[in-house]
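Report on the structure given below.
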Ligand code: THU
């Protein structure tokens with residue numbers, strides 16, 4: 001399954017979504033693209049707030065769009081983010097802890113997380129590696 005994922009297309013979708021980022025406070029713009037099991041791609045950007053704490057990450061924007069459109073199972077997510085003028089050697093942006101938890105709710109250990117600096121320069125890890133011993137629905141339901 002993982003071998004058949006079109007990483008370049010997913011990364012492109014994340015960069016396209018990043019163009020809509022609303023990040024006037026941090027100047028750190030992020031785009032995310034979630035690939036659902038049924039083949040649909042849902043995208044999102046970060047949305048900041050003058051009150052700061054309500055800020056929503058790109059990953060959770062994409063997740064909210066997806067779940068509200070009936071998708072609940074995902075195979076991969078691409079994340080593209082950086083602050084303005086970030087140095088070229090900066091590490092790619094990885095999902096924050098809250099987003100890892102929310103992704104885990106619907107993706108579980110197998111979700112492939114693609115952290116991209118460009119279409120050709122990315123790092124990938126499973127969500128299980130990014131969130132070991134994740135607490136998910138199987139514990140509660
Ligand atoms: N942010 C994301 O959208 N996703 C991440 O994976 C890391 C952080 C956003 C939140 C905030 O708007 C800005 O990046 C700086 O933290």
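In this note's numbering, the protein residues as written are 1 to 141. Note that the Cβ used here is the ideal one computed from N, Cα and C, for glycine as well. Quick caveat: nothing in here was measured; it's all calculated off a predicted structure.
Runs of the alpha helix (DSSP H) lying entirely within the region 7-39 and spanning at least 4 residues, in chain order: 7-18. Residue ranges of uninterrupted alpha helix (DSSP H) with 4 or more members, entirely inside the region 42-85 and ordered along the chain, are 58-68. The continuous beta strand (DSSP E) containing residue 124 extends over residues 122-126. Taking the C-beta atoms as reference points, residue 78 is found nearer than 8 Å to residue 13. Boundaries of the alpha helix (DSSP H) harbouring residue 103: 97-107, taken from the DSSP string.
In this structure, the beta-carbon distance from residue 58 to residue 34 does not fall below 8 Å. Bounds of any alpha helix (DSSP H) do not take in residue 117, whose DSSP letter is neither H nor E. A residue is called buried once 16 or more other Cβ atoms fall within 10 Å of its Cβ, and residue 44 is buried on that count. Annotation for residue 137: the continuous alpha helix (DSSP H) segment containing it runs 137-140. The shortest C-alpha to C-alpha distance from residue 133 to any of 105, 116 and 114 is the one to 105. Of the other Cβ atoms in all chains shown, fewer than 16 fall within 10 Å of the Cβ of residue 40; this residue is therefore exposed. A straight-line Cα-Cα distance of about 7 Å links residue 71 and residue 36. Here DSSP, grouped into helix, strand and coil, assigns residue 90 to coil.
Between ligand 1 and the CB of residue 81, the shortest heavy atom gap is smaller than 7 Å.
Looking only at 115, 140 and 130, the smallest Cα-Cα distance to residue 8 is reached by 115.
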